[in-house]
Structure formats: structure tokens, C-alpha cells
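> If you count the sequence shown from 1, position 490 lands on 490 in the UniProt record's numbering, and the numbers rise without skipping. First, the structure itself, so that you have it in front of you.
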Amino acid sequence: MENTRSYQELLTELNEMRIQLEEATDTIEAIRSGEIDALVVKANDGLQLFTLKSADHTYRIFIEQMSEGAVTLNEDGYILYCNSQFATLVNTPLEKVTGKSIYKFITEDCQETCAEYIARAWTSNVKGELHILASDDVEVPVLLSLKTLNLDEGLSMSVILTDLTEQKETQKLLEHKNAQLEEAQKIAQHLNANLEVTVKERTHELQINIEEKTRVEEELRHNQERLTRVLETMAEGVGIVDAKGKLIYANPMAQKILGLKQSTILERTYDDPQWENLRIDGTPLPSHEHPMSVMMATRKPLFDQEISVQPPDDERFYISINAAPLLDEHGEVTGGIGTFMDVTQRRKSIQHKDEFISVASHELRTPVTTLQASLQLLSRMKDNPSNVMLPKLIDQANKSLNRVSVLIEDLLNATKMTDGQLHLIKTPTTLSGLLQDCCNHVLTGHTHYLTTSGDMELQANIDADKIEQVITNLVNNAIKYAPNSQEILVNIAREGNFAKISITDKGQGIPPEKLPYLFDRYYRVDSSGKQYSGLGLGLYICAEIVKRHNGDIGADSHLGQGSTFWFTLPLN
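This is the structure in C-alpha cells:
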């Protein structure tokens with residue numbers, strides 16, 4: 001048959017089997033005589049090592065109890081023995097470690113280094129560091145100690161592996177702290193550049209002695225202290241960030257503006273998501289548009305870049321930022337310094353001004369439009385003076401003209417207040433008589449009535465026209481904002497060396513959050529959702545007039561119970 005093997009083939013196979021039998025017989029004899037204590041057997045899943053308990057059993061127990069990993073290698077780099085600590089380091093069962101090549105457990109970038117260590121160790125003891133690779137792809141830094149062992153069966157190599165993970169982490173932490181210290185030193189050097197250059201030049205040129213060096217160091221320390229005091233007393237917030245944008249310094253004003261303590265601030269970056277940065281129009285500000293990000297990217301200083309900040313549990317505020325990069329001696333950006341100031345009031349003033357322009361345009365346009373319409377109708381009736389509509393149109397035109405005059409007068413008065421051009425002509429005046437003169441329009445309107453009480457004989461040295469303007473404005477406000485409160489209460493009282501005049505209505509009252517802003521320029525009260533006419537200048541003008549009299553002005557109000565506006569005037 002074709003598949004039948006030839007005699008020669010069978011003879012060859014028989015000879016091979018005889019050789020294998022002889023090797024097996026020799027191996028068994030060696031095991032019996034104690035000449036060997038381990039076998040490396042090739043299996044389907046790789047080489048496996050089988051060991052026999054021998055005279056070195058006590059030694060191996062000692063090795064097993066070591067805290068370091070221990071490995072015995074043959075001349076080809078295969079692992080004849082390892083302790084459980086090494087198996088733990090490589091995260092591999094002990095039985096799957098023995099018989100494997102040591103290079104299986106060495107990271108790729110350390111293969112050549114390991115080979116060099118082993119080659120040198122055959123002639124001398126070697127120590128060195130490299131990374132071993134665990135089965136979960138975790139790299140473990142270790143210190144190798146390699147030494148040859150002259151055993152009965154020939155040379156082998158003992159390798160002791162000490163885990164350096166904790167030491168490396170400690171070293172990294174130390175390096176990080178050193179880096180922070182170096183960064184702080186660089187910043188100090190940058191801020192004290194002129195002094196540093198002077199110190200270096202003098203040190204190089206004059207080789208100053210120890211006393212001179214001590215003096216210069218003391219001078220530098222004082223200079224740094226002065227710089228620190230300057231930063232801590234600045235009216236602007238100052239923040240310094242590293243190259244990654246993390247805050248490494250914030251002066252007291254920065255802490256005050258941001259409402260954070262030093263320990264809390266230094267845990268943040270300038271674009272910390274816990275604090276929502278916004279554009280001026282209120283839309284979210286992307287991180288790359290933040291002035292500090294722009295400065296770091298362009299390596300150029302920026303000035304007066306305004307953004308708004310929304311803290312998690314507080315009122316939104318606005319800041320103006322100036323930013324400049326910090327560069328090392330190679331021109332590389334190592335961080336940045338930013339100064340900023342709270343411009344919330346400036347921003348609100350701009351907003352109020354914009355609102356005022358809009359309101360003023362509306363307030364002026366309405367009476368002007370009415371006046372224009374009345375004049376057009378009057379023009380058509382000029383040939384028919386007996387028309388019954390003529391008096392009404394004239395009256396309407398006069399009212400519109402008066403309204404325009406009042407608005408213009410408010411604008412002029414506000415300008416005078418701002419420019420300091422308000423001049424007072426003071427004369428002794430009985431306050432009750434002044435009240436009666438300026439409030440006749442209330443009595444003739446037949447919609448409200450005044451109840452006056454208090455010290456009717458009280459006199460004060462005042463500009464009667466200006467104070468009459470204040471009283472008229474406050475009474476008109478009471479009528480306008482409390483239309484259903486028919487009774488307006490006016491009280492004159494003496495409080496020490498001051499006269500106090502109070503105007504009380506029984507209207508809806510003013511929300512408490514609006515009370516602090518009532519006397520601000522352009523502020524208009526709208527407590528019920530209604531829109532009232534006016535430029536928001538009346539109470540501001542009243543406050544300025546009273547202040548020029550060295551008096552005080554304020555308001556007390558409770559929702560649903562009415563409001564009391566009061567002001568004081570010095571008697572002398």
C-alpha cells in the first residue's frame with residue numbers, strides 16, 4: 001500500500017525512540033541521585049518548571065518570606081525559580097511565572113537595559129533601575145540587584161527586585177513641590193528683575209564677600225516684603241496663575257472681590273466651572289475667550305477686558321481685567337498675572353444711563369407728539385375761533401408744554417447737581433407755611449387731601465425754593481404711586497438740632513430690595529408692574545438738595561402698609 005512506511009523510515013523512528021529512552025533513563029537516574037532538583041518541560045502553553053524538595057528547602061523558605069521579589073535565572077534568561085512576591089509584582093500566578101523568559105516581564109523600552117544588566121552581571125554584581133510589566137499592563141518601577149550563583153548544576157543568576165513605586169511617588173511629589181517653589185522663585189525674579197540684575201552684576205564684577213552678600217540678600221528680602229505689602233494693599237485684585245491656569249497667588253483684594261478665602265481661591269483655575277463667567281450681554285463666556293486665556297494664547301498683554309461673574313449662590317458682578325504673560329529666560333510662557341477691579345457700579349451706571357436715554361426719549365416724545373397734534377388741529381381751526389374744541393386744544397397744548405418744561409428742568413437740575421453748580425440762598429423759614437404754599441395743587445385737585453401735624457412754629461435756615469421743590473416732589477410721588485390713598489400725612493418734628501419732615505401715604509408700599517436704590521440717579525420704582533412716567537431724576541434731585549443743606553433723606557416702607565419719605569434739615 002502507498003501509505004505504508006518504508007523499512008528505513010521505521011528504523012529511523014526506532015533509533016530516535018531509543019535516544020529519547022536513554023535521555024529519560026539518565027534524567028530519572030539524576031533525579032534519584034539528587035543531581036538535579038528542577039525540570040523545565042515544554043507544554044502546549046509554554047515552558048513549565050517542576051522542582052524537587054532538596055537541601056536548599058530552608059533557603060527557599062527564607063526567600064519566599066522576603067518583601068522583595070526574588071528570581072533565579074539560567075544562562076538563557078529563563079526563570080528557574082521565583083518567590084510569591086515577584087508573582088505579585090507582575091500580577092501573575094506563581095506557577096505561570098516559572099519557566100518563562102525574564103524578558104516577558106520587562107517593558108519594551110527597558111528590554112535593552114535589562115539585557116545589558118544581565119550580561120554585565122555574569123562577571124560582576126550589578127544594580128540598576130527599570131520597569132517591569134504586570135499582566136494588567138501596569139508598569140512597576142523596580143531596583144534590580146543581580147548576582148551570579150555557582151550551583152552544583154552550573155552557573156545561574158540571582159535577581160532581587162525592590163518595588164520603587166512608593167519611592168517614585170514620593171519623588172514625584174517632591175519634584176512637584178520643588179517645581180512650585182521654582183515657579184514662585186521665577187515670579188519673584190520677574191517682579192524684582194532690576195534688583196536681581198543689579199545683585200548679579202555686583203556679585204560677578206566685585207566678587208563681594210560674605211558680609212556684602214548677606215547685605216544684598218537682606219535687601220532682596222526687604223524688597224520682596226515691600227512688594228508683598230504693595231500687593232496686599234492694592235485697591236485692585238491681583239491673581240497669578242501658572243502655565244496651566246491654576247491660581248498660585250491672590251492678594252486680599254482679589255479674595256474680597258471674589259468673596260473667597262486664600263485657601264479656597266488657590267484650589268481654582270481662572271475659568272473654574274463652579275463660577276459661571278459671562279459676557280457683558282449675559283451669554284456664557286467660553287473658556288478660550290476669557291481674557292487670561294487670550295493673553296496666554298497670544299502672549300500679549302490685555303487691558304480693561306470686562307466680563308461678568310455669576311457665583312453659585314450670590315449676585316452677579318462685573319470685573320475689568322488687565323492681564324500680562326510671565327516669560328522665562330527663553331521667552332516661554334510660565335504663567336500670567338492679572339489685575340482686576342469690581343466695576344459693577346460702573347456697569348450698572350452705564351445700564352441706567354442707557355435706560356435713561358430710552359426713557360427720556362419716550363418721555364419727551366409723548367408730550368411733544370401731543371403738542372404737535374394740538375398745534376396741527378389749532379392750525380386748522382384758525383379760521384374758526386369760535387370752535388368749542390379750541391379751549392380744550394389750547395389747554396392740552398399748555399399741559400404738554402408744561403410737561404416738557406418739567407422734564408427739561410429735571411435734566412438741568414440733575415446736570416447742576418453733577419457739576420456742583422447748585423447754589424443755595426438760605427433764609428429763616430417757617431416750615432408749616434412752606435408746606436401750605438407748595439401743596440395747594442393737592443387741595444385743588446379734589447382727589448387727595450393733606451393732613452398736617454407736628455410743630456407748626458418750627459423754623460429752619462434754608463433755601464425755601466429748593467426745599468419747596470423737595471416737598472412738592474415727595475407729595476407728587478405719594479399721589480402718583482398711591483392713587484388709592486386719598487389721605488397724605490405730613491408731619492413736622494424736631495429731633496435734636498434738626499427738623500424732620502415726613503410724608504406718608506397708605507399705598508401698596510415698596511419692595512425692601514428696592515429701598516437702597518430709590519435716591520440713585522435714573523432709578524425708577526415700579527412696584528406693581530405698572531409703568532409710570534418720569535426720568536428717574538426726581539428723588540435723586542431731592543437727595544442732592546437735602547445733602548447740600550447738610551441734612552439726610554430716606555424712606556421706610558412695608559408692603560401693603562404704605563410708605564414714608566422723610567428728610568431732615570439743620571435748624572442752625
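Think of the CB as a built atom: it goes at the ideal place given N, C-alpha and C, for glycine as much as any other residue.
(1) Have a look at Ala134, Ser145, Val404, His423 and flag the residue whose alpha-carbon is nearest the alpha-carbon of Ala70.
(2) In its own chain, which residues sit with a C-beta less than 7 Å from the C-beta of Phe105, not counting the 5 before and 5 after it?
(3) Using a threshold of 9 Å, state whether the C-beta atoms of Ile471 and Ile479 are closer than that.
(4) Can you have a look at residue 654 and say buried or exposed, based on whether 16 or more other CB atoms are within 10 angstroms of its CB?
(5) Is it right to say Ser263 is buried, meaning 16 or more other beta carbons lie within 10 angstroms of its own, or is it exposed?
(6) When the Cα atoms are used, what is the spatial distance from Met389 to Gln396?
(7) Between Gln376 and Ile394, what straight-line distance do the alpha-carbon atoms span, to the nearest angstrom?
(8) Met253 by DSSP, collapsed to three states: which one?
(9) Give the DSSP bridge partners of Asp342, in chain order.
(10) Would you call the region 502 to 513 and the region 557 to 572 touching, i.e. three or more CB-CB distances under 8 Å?
(11) Round the Cβ separation of Glu468 and Thr430 to the nearest angstrom and send it over; I've been treating them as touching at under 8 Å.
(12) For the beta strand (DSSP E) that Gln310 lies in, which residues bound it at each end?
(13) Determine, using beta-carbon pairs with one atom in the region 271 to 281 and one in the region 296 to 313, whether at least three such pairs fall under 8 Å.
(14) Under the three-state reduction of DSSP, which class applies to Ala482: helix, strand or coil?
(15) Take every Cβ of the region 159 to 170, pair it with every Cβ of the region 69 to 84, and state whether three or more of those distances are shorter than 8 Å.
(16) DSSP beta-bridge partners for Val404?
(17) Can the beta-carbon of Tyr540 be found less than 9 Å from the beta-carbon of Asp556?
(18) Suppose you measure from the CA of Gly237 to the CA of Ala543; what does that come to, to the nearest Å?
(19) Could I get the ranges of all uninterrupted alpha helix (DSSP H) runs contained in the region 456 to 516, with 4 residues as the minimum, in chain order?
(20) Please state if the CB of Ile319 and the CB of Ile257 are separated by a distance shorter than 9 Å.
(21) Are Asp328 and Lys168 close, meaning C-beta to C-beta below 9 Å?
(22) Drop a sphere of 10 angstroms on the beta-carbon of Val241, count the other beta-carbons inside from all chains shown, and report buried for 16 or more, exposed for fewer.
(23) Once you ignore the five residues that flank Ile248 on each side, which residues in its own chain have a CB closer than 6 Å to its CB?
(24) Below 6 Å CB to CB, which residues in the same chain sit around Ser101 once its five sequence neighbours on both sides are set aside?
(25) Any idea what DSSP makes of Gly245, helix, strand or coil?
(26) How about Ile492 and Ala499: do their beta carbons lie closer than 9 Å?
(27) Quick check on the DSSP output: the beta strand (DSSP E) that includes Ala555 runs from which residue to which?
(28) In whole angstroms, what is the alpha-carbon distance linking Asp136 and Arg229?
(29) Considering only the alpha carbon of each residue, which of Leu302, Ile350, Tyr449 lies closest to Gly336?
(30) Can you list, in chain order, the residues of its chain whose CB lies under 6 Å from that of Lys147, leaving out five sequence neighbours each side?
(31) Give, in chain order, every unbroken run of the alpha helix (DSSP H) that is at least 4 residues long and sits entirely within the region 95 to 122.
(32) If you reduce the DSSP assignment to three classes, tell me which class Lys213 lands in.
(33) Quick one: Cα of Leu231 to Cα of His288, how far?
According to the data block:
(1) Cα-wise, what sits closest to Ala70 is Ser145.
(2) Contacts found: Val90, Ile132, Leu133.
(3) At a Cβ-Cβ threshold of 9 Å, Ile471 and Ile479 do not count as neighbours.
(4) This structure gives no information on residue 654, because the portion of the chain shown stretches from 1 to 572.
(5) Answer is exposed; the Cβ neighbour count stays below 16.
(6) When rounded, the distance between both Cα atoms is 11 Å.
(7) The alpha-carbon atoms of Gln376 and Ile394 are separated by roughly 11 Å.
(8) Here Met253 sits in helix by DSSP.
(9) Its beta-bridge partners are Ile319.
(10) Contact between the region 502 to 513 and the region 557 to 572 is present, because at least three Cβ pairs lie under 8 Å.
(11) Distance from Glu468 to Thr430 at the Cβ level is roughly 13 Å; contact not present, criterion being Cβ atoms closer than 8 Å.
(12) Per DSSP, Gln310 belongs to the beta strand (DSSP E) from 302 to 310.
(13) Result yes; three or more Cβ-Cβ pairs closer than 8 Å.
(14) Assigned with DSSP and collapsed to three states, Ala482 falls in coil, not helix or strand.
(15) In short, these stretches touch, since the Cβ pair count reaches three.
(16) DSSP, once it has assigned bridges, lists no residue as partnering Val404.
(17) Inclusion of Tyr540 and Asp556 in the CB contact set at 9 Å is not warranted, their separation being larger than that value.
(18) If you take the alpha carbons of Gly237 and Ala543, they lie about 33 Å apart.
(19) You should have 464 to 481.
(20) Contact flag set, yes.
(21) No, the pair does not count as a contact, with Cβ atoms beyond the cut-off.
(22) Buried is the call here.
(23) Once the five neighbours on either side are set aside, the close Cβ partners of Ile248 are Ile240, Asp242.
(24) Scanning its chain for C-beta atoms nearer than 6 Å, with the 5 sequence neighbours on each side dropped, one finds around Ser101 the residues Gly77, Tyr78, in chain order.
(25) In the structure shown, Gly245 falls within a coil segment according to DSSP collapsed to helix, strand and coil.
(26) Against a cut-off of 9 Å, the Cβ pair of Ala499 and Ile492 comes out as a contact.
(27) 553 to 558 is the extent of the beta strand (DSSP E) around Ala555.
(28) When the Cα atoms are used, Asp136 and Arg229 turn out to be separated by approximately 54 Å.
(29) Nearest C-alpha to Gly336: Leu302.
(30) Apart from the 5 residues on each side of it in sequence, Lys147 sits with its Cβ closer than 6 Å to the Cβ of Asn125, Ser158 in its chain, given in chain order.
(31) The region 95 to 122 contains these whole alpha helix (DSSP H) runs: 111 to 121.
(32) Correct three-state label for Lys213: helix.
(33) Roughly 28 Å between the two C-alpha positions.
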